[in-house]
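**Q** This is the structure I have questions about; it appears just below.
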Amino acid sequence: GENVEQHPSTLSVQEGDSAVIKCTYSDSASNYFPWYKQELGKRPQLIIDIRSNVGEKKDQRIAVTLNKTAKHFSLHITETQPEDSAVYFCAPYSSASKIIFGSGTRLSIRP
Amino acid sequence: DTAVSQTPKYLVTQMGNDKSIKCEQNLGHDTMYWYKQDSKKFLKIMFSYNNKELIINETVPNRFSPKSPDKAHLNLHINSLELGDSAVYFCASSQGGGNQPQHFGDGTRLSIL
């Protein structure tokens, strides 16, 4: 089955700097790569996703890059703001595997 | 206008009791899920239903029984509650399976005394 690892587990960056979170998966048949954001006490919400036929996708300050050969994808947040503070989860999907969420990355933005 | 709504928001009960959590989605999605999020924030899928049929049933105790009366509703019944059941339970839905964006409810915080 799918093995998902997310790094780092915690990340603290200065406001205005960039943050990068990496998700590594094991199932080469994975074809859908979403990132979810969960603010404290709230529900997880999809912020960006990418499919296996695309290498990069951008939405304003957020981008996701996919390296299918190396089996990892990354979340990039530029010009970080206080409201970016949250826990971020990856959830790579393959029809052969069950739905697995990464263990989460707690991002803190320092003022 | 909440897309995925679950009730109750908080549930505090004694060990050994039986309780239910209800979930409804108004997005017209055909797949619904139950997740458990523990105190360390790990998010694990418990069940998935597609058009009222069970398609994912992870290794959870058989004290947990999902019921889907129609594709817009997925309820979770828990028998003989134990201390380890304390967690936040999230309902979610998607159009299609796990390769589609999931929309989560606000969660039900279950506390066992």
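Chains U and Y supply the protein sequences, listed in that same order.
The working numbering puts the last residue of the first sequence at 172; the count rises by one with no breaks.
The working numbering puts the last residue of the second sequence at 788; the count rises by one with no breaks.
By construction, the Cβ of each residue, glycine as well, lies at the ideal position given by its N, Cα and C atoms.
1) Whose Cβ in chain Y lies nearer than 8 Å to the Cβ of residue 148 of chain U?
2) I'd like the span of the beta strand (DSSP E) that includes residue 140 of chain U, first residue to last.
3) Going along chain U in order, which residues have a C-beta closer than 9 Å to the C-beta of residue 781 of chain Y?
4) Considering residue 66 of chain U, what are the terminal residues of the beta strand (DSSP E) in which it resides?
5) Using three-state DSSP, classify residue 758 of chain Y as helix, strand or coil.
6) Which same chain residues, not among the five before or five after residue 771 of chain Y, have their C-beta less than 8 Å away from its C-beta?
7) Note down, in chain order, every chain Y residue with its Cβ under 7 Å from the Cβ of residue 164 of chain U.
8) At the 7 Å Cβ level, is residue 123 of chain U part of the contact set with chain Y, yes or no?
9) Considering only the beta carbon of each residue, do residue 75 of chain U and residue 166 of chain U sit closer than 7 Å?
10) Whose Cβ in chain C lies nearer than 7 Å to the Cβ of residue 110 of chain U?
11) Could you pull the DSSP bridge partners for residue 109 of chain U from this structure?
**A** Checking against the coordinates, here is how it stands:
1) For the purposes of this step, residue 148 of chain U is identified with residue 87 of the first sequence, where counting begins at 1. What residue 148 of chain U touches in chain Y: 716.
2) Counted from its first residue, the first sequence places residue 140 of chain U at position 79. Run containing residue 140 of chain U: none; DSSP gives neither H nor E here.
3) For the purposes of this step, residue 781 of chain Y is taken as the residue at position 106 of the second sequence. 103 and 104, listed in chain order.
4) Counted from its first residue, the first sequence places residue 66 of chain U at position 5. 65 to 68 is the span of the beta strand (DSSP E), which, as asked, contains residue 66 of chain U.
5) Here residue 758 of chain Y refers to the residue found at position 83 when the second sequence is read from its first residue. In this structure, residue 758 of chain Y counts as helix in the three-state DSSP scheme.
6) Along the second sequence, read from residue 1 onward, the residue named residue 771 of chain Y stands at position 96. For residue 771 of chain Y, where only same-chain residues beyond five positions count, the Cβ hits under 8 Å are 705 and 706.
7) Counting from one through the first sequence, the residue named residue 164 of chain U turns up at place 103. Under the 7 Å cutoff, chain Y gives 717.
8) For the purposes of this step, residue 123 of chain U is taken as the residue at position 62 of the first sequence. Taking Cβ atoms only, chain Y never reaches closer than 7 Å to residue 123 of chain U, which makes this a no.
9) For the purposes of this step, residue 75 of chain U is taken as the residue at position 14 of the first sequence. For the purposes of this step, residue 166 of chain U is taken as the residue at position 105 of the first sequence. The answer is no: Cβ separation not under 7 Å.
10) Any reference to chain C falls outside this structure, whose protein chains are U and Y.
11) The count along the first sequence starts at 1 and reaches residue 109 of chain U at position 48. According to DSSP, which records beta bridges pairwise, residue 109 of chain U is partnered with U/96.
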